[in-house]
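Residue numbers (the numbering used here): 43 to 106.
Glycine included, each C-beta is placed from N, C-alpha and C at the ideal position.
Each remark here refers to the structure printed beneath this line.
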Amino acid sequence: MQLAIASLPDGAREVFLMFRFEGLTCAEIAELSRTPVKTVESRLRRATRLVARAVESYRRDLVS
43 MQLAIASLPD GAREVFLMFR FEGLTCAEIA ELSRTPVKTV ESRLRRATRL
93 VARAVESYRR DLVS
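Right, dumping it as structure tokens:
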């Protein structure tokens, strides 16, 4: 999972880490990063999707 997170684009990684590991809301992240809430939400969706794909790929490789 660390490699998946590390490979995220900078903005998406920042949002993902603040949301997932620091427990901030999208509104709080938007305020801290001076970014519109919709942009934060979009980055979070993208980051979540990319991390899930990477983890699923890793899991498939383990089973194969």
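Taking the C-alpha atoms as reference points, what is the distance between residue i and residue j?
{"i": "R101", "j": "L86", "result": "22 Å"}
{"i": "A72", "j": "V79", "result": "5 Å"}
{"i": "V97", "j": "A46", "result": "7 Å"}
{"i": "D103", "j": "D52", "result": "27 Å"}
{"i": "L92", "j": "F58", "result": "11 Å"}
{"i": "M60", "j": "S49", "result": "16 Å"}
Run the CB neighbour count on residue i, radius 10 Å, all protein chains shown included, and call it buried at 16 or more, exposed below.
{"i": "M43", "result": "exposed"}
{"i": "A94", "result": "exposed"}
{"i": "A89", "result": "buried"}
Can you tell me where the alpha helix (DSSP H) with residue i in it begins and where it stops?
{"i": "S75", "result": "C68 to S75"}
{"i": "E98", "result": "V79 to V105"}
If you compare alpha carbons, which of the options is closest to residue i?
{"i": "A54", "options": "S106, L104, V105 and S84", "result": "S84"}
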